[in-house]
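Enquirer:
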Amino acid sequence: MSTHELAITPRADDYSQWYLDTIQAAQLADYSPVKGCMVIRPMGYAIWEAIQKDLDRRFKETGHTNAYFPLFIPQSFLSREAEHVEGFAKECALVTHHRLRSTTVDGKAAVEPDPDSRLEEPLVVRPTSETIIWHMYRRWIDSHRDLPLLINQWANVVRWEMKTRPFLRTAEFLWQEGHTAHANSREAIEETLRMLQVYSDFAHELLALPVVSGRKSSSERFAGAVDTYCIEAMMQNGWALQAGTSHFLGQNFARAFDVTFQDTDGRRRLVWATSWGVSTRLIGAMIMAHSDDKGLVAPPAVAPFQVVITPIWKGASKKLQVLEYCERLKAELSSAFRVHLDDRDNIKPGAKYYEWERKGVPLRLEVGPRDMARENVFVARRIDAKKFPLSIHGIRSSIRQELDSIQLKMLQMATEKRESNTHRLADYDTFKNQVAQQSGWYLVPWYDDAREEAAIKAETRATLRCFPLEGQEEAKGLSCFKTGRPATHMAIFARAY
517 MSTHELAITP RADDYSQWYL DTIQAAQLAD YSPVKGCMVI RPMGYAIWEA IQKDLDRRFK
577 ETGHTNAYFP LFIPQSFLSR EAEHVEGFAK ECALVTHHRL RSTTVDGKAA VEPDPDSRLE
637 EPLVVRPTSE TIIWHMYRRW IDSHRDLPLL INQWANVVRW EMKTRPFLRT AEFLWQEGHT
697 AHANSREAIE ETLRMLQVYS DFAHELLALP VVSGRKSSSE RFAGAVDTYC IEAMMQNGWA
757 LQAGTSHFLG QNFARAFDVT FQDTDGRRRL VWATSWGVST RLIGAMIMAH SDDKGLVAPP
817 AVAPFQVVIT PIWKGASKKL QVLEYCERLK AELSSAFRVH LDDRDNIKPG AKYYEWERKG
877 VPLRLEVGPR DMARENVFVA RRIDAKKFPL SIHGIRSSIR QELDSIQLKM LQMATEKRES
937 NTHRLADYDT FKNQVAQQSG WYLVPWYDDA REEAAIKAET RATLRCFPLE GQEEAKGLSC
997 FKTGRPATHM AIFARAY
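This is how it looks when you write it as structure tokens:
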């Protein structure tokens, strides 16, 4: 069955299958012969390129530069920071040989590792780059004049996940990881929160994704970090998705890799560190936050095609006139927007509309002889199915207004969805009963206790998503909804991906 014929399961029937169907129907990704990996198709990669372009600009505006570090990391490097290696040990893939040799299996030609090519030390395929980056920072940092060191890399990473889902959790994925070194803790903490704000602004402005910024509990923070901060997004089924993280690493990695600098008084001190990253998981967040039973709904800011022009004609005599008109229209719009002219003549207009609707194109422009005569185009909006004529005079300005309106509307709809599905509770029995029947976020007064947190997860499958950065003063004078002890935080619990 082709992707054009694939039926999309309604969200209400099976949300997980709907998600997979939407990805297939929109041609965003496909399954790889390597279990747990995905092939990102051109439509999906175009979204990643839009994400990458915008974030890269934001990183450089905040003083960061790009570099690239090796994919392979000596196994011994991961042993230098005990908590870090413990956090990733079960997900690491190893390279143990550097050469294959020919052999035969059941009479057929095959290859196998050459025993003589075994590496003296196995190499870990990058699960994250802290260890190798801090090995290099030891070489590059000597004086306070070398600080702050603000570097980002765009890369792929491998984490050998057992249960995978396209974009959300795969054995290999694309991401960016920032790694910075500072002269004192104040600067490092400021950097951690600055990059968290960059992520929050990006999510709102580009993905139309309202997020809550917060701090993770000790049991949920990044392996080797002092504090982990995150942005959490709500999906349409009420589950949470961690969309990005920013970590204050303290001096843990500097100590492990002996990264010191000479301060202004001539003394040698350990540097302070941060790391932060987002990944192709953002595409999964975008799909689940906005799309509908017809297929993908893409925010204009990241849509591979913001506008698709579909010419309509009957008979060869009209075809040339309509196509010439559409070519001129495309030329005028292409200087400002990502535009595609669907001039295929072996597919009926209705089939084209159906295809581009499934692929989430924000605006479709239908152009036929009558539209030409009236100097109009007929516009169809993906977000709300509104259809109306639009004059070709000043059309670039009109299209910009429509796309901006769609972008804002998508953010408003997602925000309203989150607010209406965020519940304030102060009683654990009520929470336990409600979370089993009604998905959503639960904002509760909480006494920070890792054992109680684990018990809630085991009993309800809800996890502590974060302590929101805003509104923590509400916890004063309240009792923990689980233990009755004086609350230390306001916390969000939810089922999560």
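Number 709 in our numbering belongs to position 193 of the sequence shown; there are no gaps in the numbering. Idealized CB from N, CA, C, for every residue including glycine.
1) Between the C-alpha atoms of residue 1008 and residue 953, what's the straight-line distance to the nearest angstrom?
2) Write down the C-beta distance between residue 696 and residue 666 rounded to the nearest angstrom, noting that I regard them as a contact closer than 8 Å.
3) Please tell me whether residue 680 and residue 671 are closer than 8 Å, where the distance is taken between their beta carbons.
4) According to the Cβ coordinates, are residue 538 and residue 833 closer than 8 Å?
5) Could you pull the DSSP bridge partners for residue 763 from this structure?
6) Give the secondary structure of residue 958 by DSSP, where H, G and I count as helix, E and B as strand, and everything else as coil.
7) So, for residue 904: in the same chain, excluding its five sequence neighbours on each side, which residues have a beta-carbon less than 7 Å away from its beta-carbon?
8) Expressed to the nearest angstrom, what Euclidean distance is found between the alpha-carbon atoms of residue 658 and residue 787?
9) What are the uninterrupted segments assigned as alpha helix (DSSP H) that are 4 or more residues long and contained completely in the segment 765 to 824, given in chain order?
10) Going by C-alpha to C-alpha distance, which of 673, 639, 656 and 699 sits closest to residue 664?
11) Which whole-angstrom value describes the C-beta separation of residue 611 and residue 619, a residue pair presumed to lie in contact below a C-beta threshold of 8 Å?
12) What does the alpha-carbon distance come out to for the pair residue 532 and residue 718?
13) Let me know the secondary structure DSSP gives residue 755 once reduced to three states.
14) Please report the straight-line C-alpha distance between residue 1011 and residue 592, rounded to a whole angstrom.
15) Could you work out which residue in 770, 766 and 805 is closest to residue 756 when comparing CA atoms only?
16) Residue 1009 bridges to which residues according to DSSP?
17) For residue 629, which residues in the same chain have their Cβ closer than 7 Å to its Cβ, ignoring the five residues on either side in sequence?
18) Is there at least one Cβ from chain C nearer than 8 Å to residue 972's Cβ?
19) Terminal residues of the continuous alpha helix (DSSP H) containing residue 714?
20) Whole angstroms are fine: how far does the CA of residue 852 sit from the CA of residue 668?
21) Determine, using beta-carbon pairs with one atom in the segment 700 to 714 and one in the segment 927 to 943, whether at least three such pairs fall under 8 Å.
22) State the DSSP-derived secondary structure class of residue 697, mapped to helix, strand or coil.
Expert: By the coordinates alone:
1) 17 Å
2) Your pair residue 696 and residue 666 checks out as a contact, with CB atoms roughly 5 Å apart and the cut at 8 Å.
3) no
4) no
5) Its beta-bridge partners are 744 and 791.
6) strand
7) 895
8) 10 Å
9) 768 to 772 and 797 to 806
10) It is 699 whose Cα lies nearest to the Cα of residue 664.
11) Between residue 619 and residue 611 the Cβ distance is about 20 Å, and since that is not below 8 Å, they are no contact.
12) 26 Å
13) coil
14) 36 Å
15) 805
16) 958 and 980
17) Non-local beta-carbon contacts of residue 629 in its own chain, meaning distances under 7 Å to residues more than five positions away in sequence, involve 613 and 616 in chain order.
18) Considering every chain present, this structure includes no chain C. It has just one protein chain.
19) 701 to 722
20) 29 Å
21) Counting C-beta pairs with one atom in each stretch, the segment 700 to 714 and the segment 927 to 943 have fewer than three that are closer than 8 Å, which means they do not touch.
22) When secondary structure is reduced to three states using DSSP, residue 697 falls in the strand class.
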